[in-house]
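*Asks:* Got a structure here, written out as structure tokens. Questions coming.
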Amino acid sequence: MEIKSSNALRSAFLDFFRDRQHEIVASSSLVPDDDSLLFTNAGMVQFKDTFLGMEPRPYKRAASSQRCVRAGGKHNDLDNVGYTARHHTFFEMLGNFSFGDYFKKEAIQYAWRFLTDVCAIDQDKLWVTVYDKDQEAADIWLKDIKVSKQRFTRIATSDNFWSMGETGPCGPCSEIFYDHGSSVPGGPPGSSDEDGDRYVEIWNLVFMQYNRSADGAMSELPHPSVDTGMGLERLAAVMQGVHSNYGIDLFQQLIKAAAQITGTKHVQGNELRVIADHIRSCAFLIVDGVVPANTKHGYVLRRIIRRAIRHGYELGVRKAFFHRMVEPLCEQMGAAYPELVNAKHNITKVLLAEEEKFAETLETGMKKLEEKIRTVTGKEIPGDLVFDLYATYGFPEDLTADYARRKGYTIDWPGFEAAKIKHSEGHEGFDVVLPSNVSTVFSGYEKQRDEAKVVALYKEKLSVRELAAGEEGIVFLDRTPFYAESGGQVGDSGVLVSKEAVFKVSATRKYHSHMGQLSHGRLSVGDTVRCEIHPDKRADTARNHTATHLMHAALRKVLGDHVQQKGSLVDADHLRFDFPIIPL
């Protein structure tokens, strides 16, 4: 049976690895329990602690089709959606994983067999890369698989060497590319024109082989592991003979639905692709408990919704329409993700409420934007104009930027930042503009005392060279054991002691800004200080932080997986745990 549809490819992939003793693991939430990530952006995220040896599982092989979002944080493709053939806010990553079981040979053989046997892709259309120092992988490809040397490249850059972070598990990669043919511009991987669209990466095999320490030294892991990822949409494009992901069956049906709902006669165009892409990320984020808000996950959701609404506006739509895309989305993806169908009513309600809330702002903002752009000389929109649209009419700067890009304008972003800073002058708070060379190493996981050098001082938002006794200010250090307020947990308090001064730290906030008052002496930039946190307060706060995780787990167990933390306040004396009440 020929496998072409997106749903059939997803099933075929999971069946292939199920037959090879892999545990089929359901997609995890798009909101990971990981402070280093805003959203789940790869299949390995839910297995991160397993790879680190912190969360043993009853199986050593796994496979999944993971729902992923790349629309905020370190991985953000939002601004490119609709402009390129393969950028999405939401995509599905097919992956197979080995936790100290099989390694390079089996991973390569599995990948090759799935692509050439199950998918029946012509071997002459596949191009392979390995890390240039990974002779083991090279031998497997060239001697065992017998890939042609003409379609094989050694890559010496980080493109083919994966790291979980600056320290920790890491290792070489092997990537498989598909050649769309000479009619498409671009060269093979490793060539000067590799950024063209002819050769498209479809599968990345990561071999976690080493552990990198803080000094950069790498040692062999006792149990080497495998982490692979293949975009379902890219594979579907290959199997369906289309060059753009937006040409695959799933997107074509959503684009046709968007055209019908918006009353658009032609199903081609940037606006419809954006709407089709954005309904997927918005719907699944709401499934996972995210609601529109002005911070963090909710802010990104709100931004995506409003971007979709603006593209509908470009098509002439002046009434709520985006919520009507939920039904066709369920028709396309509901069989694979029943949680989508179960939450259909709530998704529709949340989207409609946001559309109605944004309608007046959009109408007014677009009229003002078009009016003001007519007064612009040249092709750069002044930053103060962009900020005025936001401050006066509530029109988000990212929507202005998106509109400007489509109309061939650029934006004076330094001018925008200057206008924002000028607007905030005189407001209360400790926010300061830091020099780019100020950075702080956090040592608080290992130490409660440390020695550091003062690298910057601020008094009343202004940079100063020293603080005198009795003055309040902010101290920045080159390293610190003081935990900075994050994720609802308050920062540490304590003291900074130099030879002649004592600075009492009342709070530690973003960028490790030590806020407080100099009780006596004088403190200058360049001084060496002894840093001491209040250990009892740290311990009590940490216990309350742990309690929020236990509460989260209990709520999900009792009420369901839709419960997501939406905020918290954790200090030494008490905790507060916030979660939305979502009507079903």
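Counting from 1, position 465 in the sequence shown corresponds to residue 465 in the numbering used here; the numbering is continuous, with no gaps. Beta carbons: idealized from backbone N, C-alpha and C, even for Gly.
Starting from cysteine 119, follow the alpha helix (DSSP H) in both directions and report where the run begins and ends.
*Replies:* Translated into the one-based positions of the sequence shown, residue 119 becomes position 119. Counting along the chain, cysteine 119 falls outside any alpha helix (DSSP H), and DSSP gives it neither H nor E.
*Asks:* Quick one, which of Tyr210, Trp203, Ser183 has its alpha-carbon nearest aspartate 197's?
*Replies:* Working through the sequence shown from its first residue, we reach residue 197 at position 197. Measuring from the Cα of aspartate 197, the nearest candidate turns out to be Ser183.
*Asks:* Quick check: the Cα distance between glutamate 92 and lysine 453, rounded to an integer number of angstroms?
*Replies:* Sequence index remark: in the sequence shown, residue 92 carries index 92 (1-based). Sequence index remark: in the sequence shown, residue 453 carries index 453 (1-based). Those two C-alpha atoms are separated by around 47 Å.
*Asks:* One question on the structure: do alanine 507 and serine 493 come within less than 9 Å of each other, judged by their Cβ atoms?
*Replies:* Counted from its first residue, the sequence shown places residue 507 at position 507. Counted from its first residue, the sequence shown places residue 493 at position 493. Yes, the pair counts as a contact, with Cβ atoms nearer than the cut-off.
*Asks:* With a floor of 4 residues, list each alpha helix (DSSP H) that falls wholly inside the region 93-172, ordered by position along the chain.
*Replies:* 104-113, 135-139
*Asks:* Can you tell me the Cβ-Cβ gap for glycine 408 and proline 382, rounded? I've got them flagged as a contact below 8 Å.
*Replies:* Counted from its first residue, the sequence shown places residue 408 at position 408. Counted from its first residue, the sequence shown places residue 382 at position 382. Not a contact, Cβ separation roughly 16 Å.
*Asks:* Tell me, which residues are paired with methionine 230 by DSSP?
*Replies:* In the sequence shown, counting from the first residue as 1, residue 230 sits at position 230. Answer by DSSP bridge pairing, in chain order: Leu94.
*Asks:* Closest to arginine 576 by CA distance: which of Arg70, His534, Thr546 is it?
*Replies:* For this step, residue 576 is matched to residue 576 along the sequence shown. Nearest option by C-alpha distance: Thr546.
*Asks:* Please classify glutamate 175 as buried or exposed, where buried requires at least 16 neighbouring CB atoms within 10 angstroms.
*Replies:* The residue given as residue 175 occupies position 175 in the sequence shown. It is buried - the Cβ of glutamate 175 has at least 16 other Cβ atoms within 10 Å.
*Asks:* Using three-state DSSP, classify threonine 528 as helix, strand or coil.
*Replies:* As a working note, residue 528 is residue 528 in the sequence shown. Three-state result, threonine 528: strand.
*Asks:* So the alpha helix (DSSP H) leucine 14 belongs to, where does it begin and stop?
*Replies:* On the sequence shown, residue 14 is found 14 positions in, with the first residue counted as 1. Leucine 14 -> alpha helix (DSSP H) spans 6-18.
*Asks:* Pick helix, strand or coil for threonine 264, following the three-state DSSP scheme.
*Replies:* In the sequence shown, counting from the first residue as 1, residue 264 sits at position 264. Coil, per DSSP.
*Asks:* By DSSP, does phenylalanine 39 sit in helix, in strand, or in coil?
*Replies:* For the purposes of this step, residue 39 is taken as residue 39 along the sequence shown, with counting starting at 1. Phenylalanine 39 sits in coil when the DSSP states are folded into three classes, being neither helix nor strand.
*Asks:* For phenylalanine 207, which three-state DSSP category applies?
*Replies:* Working through the sequence shown from its first residue, we reach residue 207 at position 207. In the structure shown, phenylalanine 207 sits in a strand (DSSP, three-state: E or B).
*Asks:* Please classify valine 558: is it buried, with 16 or more other beta-carbons within 10 angstroms of its beta-carbon, or exposed?
*Replies:* Position 558 of the sequence shown, counting from 1, holds the residue named residue 558. Around the Cβ of valine 558, a 10 Å sphere holds fewer than 16 other Cβ atoms; the residue is exposed.
*Asks:* Assuming serine 163 contacts cysteine 170 under a Cβ cut-off of 8 Å, what Cβ separation, rounded to an integer in Å, is found between them?
*Replies:* Within the sequence shown, numbered from 1, the residue matching residue 163 stands at position 163. Within the sequence shown, numbered from 1, the residue matching residue 170 stands at position 170. So it is a contact: roughly 4 Å between Cβ atoms.
*Asks:* Output needed for glutamine 150: all residues of its chain with C-beta closer than 7 Å, excluding positions within five of it in sequence on either side, in chain order.
*Replies:* On the sequence shown, residue 150 is found 150 positions in, with the first residue counted as 1. Residues of the same chain with a CB within less than 7 Å of the CB of glutamine 150, apart from the 5 flanking positions on each side, do not exist.
*Asks:* Using a 10 Å radius around the Cβ and a threshold of 16 neighbouring Cβ atoms, would you call asparagine 294 buried or exposed?
*Replies:* Along the sequence shown, read from residue 1 onward, the residue named residue 294 stands at position 294. Asparagine 294 should be labelled exposed.
*Asks:* On the three-state DSSP scale, how would you describe alanine 320?
*Replies:* Mapped onto the sequence shown, residue 320 falls at position 320. Coil, per DSSP.
*Asks:* Measure the beta-carbon distance from threonine 89 to valine 69 and round it to whole angstroms, keeping in mind my assumption that it falls under 8 Å.
*Replies:* For the purposes of this step, residue 89 is identified with residue 89 of the sequence shown, where counting begins at 1. For the purposes of this step, residue 69 is identified with residue 69 of the sequence shown, where counting begins at 1. Yes, threonine 89 and valine 69 are in contact; Cβ-Cβ is about 6 Å, under 8 Å.
*Asks:* Skipping 5 residues on each side, what residues in its chain have a beta carbon closer than 8 Å to that of tyrosine 102?
*Replies:* Working through the sequence shown from its first residue, we reach residue 102 at position 102. Here the set comprises Arg61, Val226.
*Asks:* DSSP has arginine 61 in a bridge; who is on the other side?
*Replies:* To locate residue 61, count along the sequence shown from 1; it is residue 61. Beta-bridge pairing links arginine 61 to Ser98.
*Asks:* Going by beta carbon distance, what residues of the same chain come within less than 7 Å of leucine 272, once the five residues before and after it are set aside?
*Replies:* As a first step, residue 272 must be located in the sequence shown, where it is residue number 272. Answer for leucine 272: Ile255, Ala258, Ala259, Thr264, listed in chain order.
*Asks:* With distances taken from CA atoms, which of Lys125, Glu106, Gly491, Thr400 is nearest histidine 311?
*Replies:* Position 311 of the sequence shown, counted from the first residue, corresponds to residue 311. Ranking Lys125, Glu106, Gly491, Thr400 by Cα distance to histidine 311 puts Thr400 first.
*Asks:* Using the rule of at least 16 other Cβ atoms within 10 Å of the residue's Cβ for burial, across every protein chain shown, is tyrosine 59 buried or exposed?
*Replies:* Your numbering for residue 59 matches position 59 in the sequence shown. Exposed: under 16 other Cβ atoms inside 10 Å.
*Asks:* State buried or exposed for glutamine 590, treating a residue as buried only when at least 16 other CB atoms are found within 10 Å of its CB.
*Replies:* Residue 590 lies beyond the residue range present for the chain, which begins at 1 and ends at 584; the question has no answer from this structure.
*Asks:* According to DSSP, is alanine 236 helix, strand or coil?
*Replies:* Counting from 1 along the sequence shown, the entry for residue 236 is found at position 236. Three-state DSSP puts alanine 236 in a helix.
*Asks:* Taking the alpha-carbon of phenylalanine 207 as reference, which of Val326, Gln135, Ala501 has the nearest alpha-carbon?
*Replies:* In the sequence shown, counting from the first residue as 1, residue 207 sits at position 207. Closest by alpha carbon: Gln135.
*Asks:* Let me make sure I understand the geometry here. Which of Ile140, Met515, Phe442, Leu351 has the alpha-carbon closest to that of leucine 457?
*Replies:* Looking up residue 457 in the sequence shown gives position 457. Closest option to leucine 457, Cα to Cα, is Met515.
*Asks:* Classify tryptophan 127: buried if its beta carbon has 16 or more other beta carbons within 10 angstroms, exposed otherwise.
*Replies:* The sequence position of residue 127 within the sequence shown is 127, counting from 1. Taking a 10 Å sphere around the C-beta of tryptophan 127, we find 16 or more other C-beta atoms and assign the residue as buried.
*Asks:* Ignoring anything shorter than 4 residues or poking outside the region 269-350, list the alpha helix (DSSP H) runs there in chain order.
*Replies:* Here the runs fully enclosed are 270-287, 296-314, 326-333, 338-342.
*Asks:* How about methionine 357 and tyrosine 393: do their beta carbons lie closer than 9 Å?
*Replies:* The sequence position of residue 357 within the sequence shown is 357, counting from 1. The sequence position of residue 393 within the sequence shown is 393, counting from 1. A small correction: the amino acid at residue 357 is lysine; methionine does not occupy that position in the sequence shown. Not in contact: lysine 357 and tyrosine 393 (Cβ atoms no closer than 9 Å).
*Asks:* Consult DSSP for glutamine 66 and reduce its assignment to one of helix, strand or coil.
*Replies:* As a working note, residue 66 is residue 66 in the sequence shown. DSSP places glutamine 66 in strand when its eight states are reduced to three.
*Asks:* Can you tell which of Val291, Glu460, Arg479, Lys537 has its C-alpha closest to the C-alpha of glycine 491?
*Replies:* Position 491 of the sequence shown, counted from the start, is the residue given in the question as residue 491. Of Val291, Glu460, Arg479, Lys537, the residue nearest in Cα terms is Lys537.
*Asks:* Go ahead and pull the three-state DSSP assignment for glutamate 194.
*Replies:* As a working note, residue 194 is residue 194 in the sequence shown. Three-state DSSP puts glutamate 194 in coil, outside helix and strand.
*Asks:* Tell me, to the nearest whole angstrom, how far the beta carbon of threonine 228 is from that of alanine 111; I am working on the premise that it is less than 8 Å.
*Replies:* As a working note, residue 228 is residue 228 in the sequence shown. As a working note, residue 111 is residue 111 in the sequence shown. Taking C-beta atoms under 8 Å as the contact rule, threonine 228 and alanine 111 qualify, at a distance of about 7 Å.
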